[in-house]
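FYI, the working numbering numbers position 42 of the sequence shown as 42, with every residue one higher than the one before it.
The beta carbon of each residue, even a glycine, is placed where N, CA and C say it ideally should be.
Let me begin by presenting the structure, written as structure tokens, before commenting on it.
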Amino acid sequence: MTDSELSKLIISGAVSVNSLADEAAEEADASAEMELRRVSVPVESHASRLDRALVTCVPEFSRSYLQQLIEAGMVQLNGVKVIKVSVKVKAGDELCIELRPTPQSQAFKPEPMALDVVYQDEHLLVINKPAGLVVHPAPGNWNGTLLNGLLAHDPQASFMPRAGIVHRLDKDTSGLMVVARQRQTMDQLVAMIAARTVSREYIALAHGTWTGAKTRPVDVPIGRDPRNRLRMAVVDLEKNAGKEASTVISLLDNAAQHCLVKCKLHTGRTHQIRVHMAYLGHPLVSDALYGGAVAGELSRQALHAWRLAFTHPVTGADLEFKALPPLDLQTSIDHFGLIYNQSL
Numbered sequence: 001m002t003d004s005e006l007s008k009l010i011i012s013g014a015v016s017v018n019s020l021a022d023e024a025a026e027e028a029d030a031s032a033e034m035e036l037r038r039v040s041v042p043v044e045s046h047a048s049r050l051d052r053a054l055v056t057c058v059p060e061f062s063r064s065y066l067q068q069l070i071e072a073g074m075v076q077l078n079g080v081k082v083i084k085v086s087v088k089v090k091a092g093d094e095l096c097i098e099l100r101p102t103p104q105s106q107a108f109k110p111e112p113m114a115l116d117v118v119y120q121d122e123h124l125l126v127i128n129k130p131a132g133l134v135v136h137p138a139p140g141n142w143n144g145t146l147l148n149g150l151l152a153h154d155p156q157a158s159f160m161p162r163a164g165i166v167h168r169l170d171k172d173t174s175g176l177m178v179v180a181r182q183r184q185t186m187d188q189l190v191a192m193i194a195a196r197t198v199s200r201e202y203i204a205l206a207h208g209t210w211t212g213a214k215t216r217p218v219d220v221p222i223g224r225d226p227r228n229r230l231r232m233a234v235v236d237l238e239k240n241a242g243k244e245a246s247t248v249i250s251l252l253d254n255a256a257q258h259c260l261v262k263c264k265l266h267t268g269r270t271h272q273i274r275v276h277m278a279y280l281g282h283p284l285v286s287d288a289l290y291g292g293a294v295a296g297e298l299s300r301q302a303l304h305a306w307r308l309a310f311t312h313p314v315t316g317a318d319l320e321f322k323a324l325p326p327l328d329l330q331t332s333i334d335h336f337g338l339i340y341n342q343s344l
């Protein structure tokens with residue numbers, strides 16, 4: 001029985017946690033399929049619940065799976081078996097976890113791939129992600145992701161949660177991303193993004209002629225679309241679970257039926273620019289999920305993270321990076337007679 005099948009049975013009640021422990025004992029001789037992992041609770045997990053601390057210590061496994069291991073008696077805290085996920089841990093506590101292979105754990109493996117590294121020092125690196133590359137392993141994409149490539153590119157990445165990834169781009173969005181190479185740098189970058197001191201700007205090709213003010217702030221909340229769980233949507237915070245979202249959109253060039261805009265993120269919600277542009281009546285070209293029709297030579301949403309600027313969290317240097325639109329997007333911009341000013 002696979003881990004995923006077992007998880008479904010546990011959730012449905014067909015198999016109890018005790019039976020999972022019994023099955024584990026019966027399969028104890030299958031050592032080739034199990035791994036005994038010993039880790040120490042880091043300072044940042046002090047006073048955390050055991051299951052939350054394990055997520056930090058063993059990030060390649062989902063929290064739900066780690067909870068199952070705890071309840072099945074497969075986790076020891078300072079040499080004593082514990083079965084309650086809510087047990088509090090202290091910095092320096094020793095954890096011993098009996099792990100079984102899952103698609104998630106097997107996904108966190110180095111895979112050599114060509115990465116367009118724009119900048120790198122001992123603390124961080126900046127990459128120009130191509131369209132089509134998934135950032136993080138997930139159901140349907142357990143390998144071939146940016147995370148796998150980072151693990152192969154940088155030996156230090158294996159010691160970092162999510163290989164140092166601090167923000168994401170959609171699979172079919174191209175452009176610049178910053179990745180941490182040290183844990184302290186990662187924590188600082190996450191805090192900087194939350195404080196909106198990391199400047200992230202995108203180029204987007206959209207349907208419709210732009211009218212009105214050339215620069216337009218969009219401050220409307222975004223949440224899961226209640227009619228289609230695969231989409232995000234502008235929501236009423238009083239009626240739906242959502243989060244505030246802020247984007248400043250500026251016109252770069254206009255045509256009869258299309259426009260080229262620059263979008264500056266002040267928050268980082270899922271599909272934020274795509275949702276806000278559709279909300280304004282300007283869905284992105286080839287963004288079928290949000291009403292954009294396929295046009296030109298573009299087979300993915302016309303969105304590119306072209307500029308990234310921030311103060312280096314360690315050296316204090318002011319860093320700015322720019323990446324020209326890739327060929328597929330530039331070809332479509334040209335196709336509609338629009339002009340992208342490289343000196344922006």
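**Q.** Rounded separation between Val-190 and Phe-159 - CA only
**A.** One alpha carbon belongs to Val-190, the other to Phe-159, and they sit about 17 Å apart.
(Q) Starting from Leu-308, trace the beta strand (DSSP E) in both directions and tell me its first and last residue. (A) 303-311
Q) Any chance the segment 241-249 sits against the segment 297-304, with 3 or more Cβ pairs inside 8 Å? A) Contact annotation: the segment 241-249 does not touch the segment 297-304, with fewer than three C-beta pairs closer than 8 Å.
Q: State buried or exposed for Leu-230, treating a residue as buried only when at least 16 other CB atoms are found within 10 Å of its CB.
A: exposed
Q | Which residues DSSP lists as bridging Ser-286, in chain order | A | Beta bridge pairing from DSSP links Ser-286 with no other residue.
Q) Quick one: what does DSSP say Ser-45 is sitting in, helix, strand or coil? A) Ser-45: helix per DSSP, three-state reduction.
Q) Just the Cα atoms here: how many angstroms apart are Met-113 and Asp-236? A) Near 43 Å, if we compare the C-alpha coordinates of Asp-236 and Met-113.
Q.
Quick check on the burial criterion: 16 or more other C-beta atoms within 10 angstroms. Buried or exposed for Asp-334?
A. Counting Cβ neighbours within 10 Å, Asp-334 comes out exposed, since fewer than 16 surround it.
Q: Please state whether DSSP places Arg-181 in a helix, a strand or coil.
A: coil
**Q.** Burial state of Asn-78 (16 or more Cβ within 10 Å)
**A.** exposed
(Q) Helix, strand or coil, according to DSSP, for Ala-32 in the structure here? (A) Its pLDDT being 40, under 50, Ala-32 is placed unreliably in this model, and the value from its coordinates should be taken loosely. Ala-32 falls in the helix class under three-state DSSP.
Q: Please name the residue, chosen from Ala-255, Gln-257 and His-304, that lies closest to Arg-274 on a Cα-to-Cα basis.
A: Closest in alpha carbon position to Arg-274, among Ala-255, Gln-257 and His-304, is His-304.
Q.
With the cut-off set at 8 Å, would you say His-167 and His-282 are in Cβ contact?
A. no
Q) From which residue to which residue does the beta strand (DSSP E) around Gly-223 run? A) That run of the beta strand (DSSP E) goes 222-224.
Q.
Comparing C-alpha positions only, which one of Trp-210, Gly-292 and Pro-139 sits nearest to Ala-256?
A. Trp-210
Q. Closest to Ile-216 by CA distance: which of Pro-326, Lys-90 and His-276 is it?
A. According to the sequence shown, residue 216 is Arg rather than Ile. Here the closest residue by C-alpha is His-276.
Q) Is the beta carbon of Met-34 sitting closer than 8 Å to the one on Glu-111? A) no
Q: Name the one or two DSSP bridge partners that Phe-321 has.
A: Leu-308
Q) Pick from Val-89, Glu-71 and Val-82: whose alpha carbon is nearest that of Cys-57? A) It is Val-89.
Q: Just tell me which of Ala-91, Ser-286, Leu-308 and Cys-96 has its CA closest to the CA of Ala-204.
A: Ser-286
**Q.** Within 8 Å, strictly: CB atoms of Leu-308 and Arg-200
**A.** Yes, the Cβ-Cβ distance between Leu-308 and Arg-200 is below 8 Å.
Q. By how many angstroms is the C-alpha of Asn-240 removed from the C-alpha of Leu-252?
A. One C-alpha to the other measures close to 34 Å.
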